[in-house]
Amino acid sequence: MKCNNISKKTPSLHGNNIYEITAYVQNHTLINRGITTIGGSTIPQCIMSNNKYEAQERGIMGGIYFIASYLTPILLIPIYNRCFLKNKSIIKDFNKAAERIIQVSKEYLTPKGNLKDGLKETANNFDKKLKNKNTSMAFEEIYKRYGNEEKLKDDLLSVHKKVLMTDFITTSLMWSAIPWIATELTEKRTKRTDFSAGFNLRENQKSEISASKQNKKKKLLWNIAFATIPGIIFSNTVTKGLKSEITIDTGYLTKKISQNAAKFNYTSGTNMSKLIYASIWLLSSFPAKIISARDKNERKDRAIRDIGLFTMFFGGDFLINNILGRLSDKYLGTKIMDTNTRNMNFFEKFKLGIKNFNNLEKEKGLSKEILQRTKKAGAYIYWTSLLANTTLIGFALPKFLNKLLRKNIQRETTR
Numbered sequence: 015m016k017c018n019n020i021s022k023k024t025p026s027l028h029g030n031n032i033y034e035i036t037a038y039v040q041n042h043t044l045i046n047r048g049i050t051t052i053g054g055s056t057i058p059q060c061i062m063s064n065n066k067y068e069a070q071e072r073g074i075m076g077g078i079y080f081i082a083s084y085l086t087p088i089l090l091i092p093i094y095n096r097c098f099l100k101n102k103s104i105i106k107d108f109n110k111a112a113e114r115i116i117q118v119s120k121e122y123l124t125p126k127g128n129l130k131d132g133l134k135e136t137a138n139n140f141d142k143k144l145k146n147k148n149t150s151m152a153f154e155e156i157y158k159r160y161g162n163e164e165k166l167k168d169d170l171l172s173v174h175k176k177v178l179m180t181d182f183i184t185t186s187l188m189w190s191a192i193p194w195i196a197t198e199l200t201e202k203r204t205k206r207t208d209f210s211a212g213f214n215l216r217e218n219q220k221s222e223i224s225a226s227k228q229n230k231k232k233k234l235l236w237n238i239a240f241a242t243i244p245g246i247i248f249s250n251t252v253t254k255g256l257k258s259e260i261t262i263d264t265g266y267l268t269k270k271i272s273q274n275a276a277k278f279n280y281t282s283g284t285n286m287s288k289l290i291y292a293s294i295w296l297l298s299s300f301p302a303k304i305i306s307a308r309d310k311n312e313r314k315d316r317a318i319r320d321i322g323l324f325t326m327f328f329g330g331d332f333l334i335n336n337i338l339g340r341l342s343d344k345y346l347g348t349k350i351m352d353t354n355t356r357n358m359n360f361f362e363k364f365k366l367g368i369k370n371f372n373n374l375e376k377e378k379g380l381s382k383e384i385l386q387r388t389k390k391a392g393a394y395i396y397w398t399s400l401l402a403n404t405t406l407i408g409f410a411l412p413k414f415l416n417k418l419l420r421k422n423i424q425r426e427t428t429r
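Add 14 to the 1-based position in the sequence shown for our numbering, that's all there is to it.
Okay, here's the thing in structure tokens:
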């Protein structure tokens, strides 16, 4: 089946360009992570490497990941969307306006969601942006053709499930392959199969090489298992949660999925949310990195390095944005933080993060002056947070790990 790509709107590079680029990066998780990878996990960590081979490996892994961060949402997801929508007969041909139905938020696909409202909201946003009525007309044709809202909901959820499963598995396979590619290139150049960071710290040990070669096939099979099985389970669990009616007997996980349906959306229909990204990282990418490690020292290094990166990407980013955003609102008169704090305790209020920059102009009651001030401050806070994160990940973490590696190798060689 021949499927063409959906064109994507890139951020404007004029006017409030810093704010527009920031809003774009904020809403595109893979690109956000790609920047963090290059800025925090690649360039600084190459500088902090113990030798040229470790530096080359980290450069290769970061470069491939950065490229994939752009190519996946641009090339692969549009193909999945089109093919699965066509296969389910939601669209009859490859019509860009009709394909935008994939961008209707999942909150409208739950049992209590009003799909007609979701179709109208999504179509109106496109019609306003594109200055035509093509999307509204395409959605209306689909809705009338179905004549059954629940059937259309079910079919859309089926498409979302297939897209999520396919994206989860292909992304996991891609991420799992990156460390293998880098380490195999090192092995071909050096004829060594131990952790490259320790090359200058000890002589190669034949027993480790032999064990590594014997286990390589097993490791590859385990990598494939972790790249595929979690994707099948995750997509089925999410779909089950979205389809479920919430009652007293509804399970905790199912209830949480249903209540947070919008967090499983793909930005622009092509870029996974942070929740999906975190799930792939935890369920597939992290285990695969541990499994593919060449020896116990690399296994320990990868575990600590990835835990640190994960914590800073999801926790550190939130914490720094939260603190700076609150200070800005208090002393600069901006409106960066979510202000819906009624009937909330201290911890619930604290969990509220910065606003989605793409929705800032839609807020009512903001004067032009406050809106401009908020845009400017919000953009600088976002990039300050990203810079702080990458500095900690890129320099502080490798410095600690290098000391730990030297200590471990010294202990091994003096036995």
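Positions of the beta carbon are idealized from the N, C-alpha and C atoms, including for glycine.
Here the structure is a predicted model, which is why all the values come from computation and not from measurement.
Spatial neighbours of residue i in its chain, beta-carbon cut-off 6 angstroms, leaving aside the 5 residues before and after
| i | result |
| --- | --- |
| A307 | R313, R316 |
| E222 | Caution applies to E222, whose pLDDT of 48 falls short of 50 and renders its modelled position unreliable; the model cannot decide the point. |
| D141 | K147, T149, S150 |
| I32 | A393 |
Run of the alpha helix (DSSP H) containing residue i, from where it starts to where it stops
| i | result |
| --- | --- |
| P125 | Per DSSP, P125 belongs to no alpha helix (DSSP H) and is neither H nor E. |
| T136 | 129-144 |
| N31 | 31-40 |
| T51 | Per DSSP, T51 belongs to no alpha helix (DSSP H) and is neither H nor E. |
| K100 | 91-101 |
| A292 | 288-294 |
| A307 | Counting along the chain, A307 falls outside any alpha helix (DSSP H), and DSSP gives it neither H nor E. |
| K66 | 66-85 |
| A211 | Run containing A211: none; DSSP gives neither H nor E here. |
| V173 | 163-204 |
Neighbourhood of residue i by C-beta distance below 8 angstroms, restricted to the same chain and skipping five residues each side
| i | result |
| --- | --- |
| I91 | V177, D181, Y280, G283, T284, N285 |
| N11 | As displayed, the chain neither begins before 15 nor continues past 429, which places residue 11 out of reach and without an answer. |
| K413 | M62 |
Assumed close pair residue i, residue j - CB separation to whole angstroms, cut-off 8 angstroms
| i | j | result |
| --- | --- | --- |
| A111 | N138 | Not a contact, Cβ separation roughly 13 angstroms. |
| K277 | S287 | 6 angstroms |
| N101 | A211 | The Cβ separation is near 47 angstroms, so there is no contact. |
| Y206 | F213 | Sequence check: residue 206 is Arg here, not Tyr. Going by Cβ atoms, the distance from R206 to F213 rounds to 7 angstroms, so yes, they are a contact pair. |
| N237 | I305 | 6 angstroms |
| E71 | T200 | 6 angstroms |
| L430 | F153 | In the structure as shown, the chain starts at 15 and stops at 429, and residue 430 therefore has no counterpart that could be examined. |
Beta carbon proximity, residue i to chain B, threshold 8 angstroms
| i | result |
| --- | --- |
| I260 | Looking at the structure shown, chain B is missing, and only one protein chain is on hand. |
8 angstroms Cβ cutoff met for residue i and residue j
| i | j | result |
| --- | --- | --- |
| F327 | R47 | yes |
| L256 | L171 | yes |
| A239 | S186 | no |
| G408 | S55 | yes |
| L385 | L374 | yes |
| L415 | R340 | no |
| I350 | A292 | no |
| P244 | L297 | yes |
| N311 | N422 | yes |
| H174 | K120 | yes |
| T86 | T404 | no |
| I192 | I78 | yes |
| I104 | I93 | no |
| F80 | I52 | yes |
Same chain, Cβ closer than 7 angstroms to residue i, neighbours up to 5 away in sequence not counted
| i | result |
| --- | --- |
| A37 | F371, N372 |
| I294 | F182, T185, S186 |
| S272 | T124, G255, L256, S258, I260 |
| G322 | I407, L411 |
Distance cut-off 7 angstroms: residue i Cβ against heavy atoms of the ligand MG
| i | result |
| --- | --- |
| T264 | Among the ligands in the structure shown, none appear at all, so the ligand MG cannot be discussed. |
Q) Curious, which full-length beta strand (DSSP E) runs of at least 3 residues does the segment 334-416 contain? A) none
Q. Mind pulling the beta strand (DSSP E) runs of 3 or more residues that sit fully within the segment 260-284?
A. none
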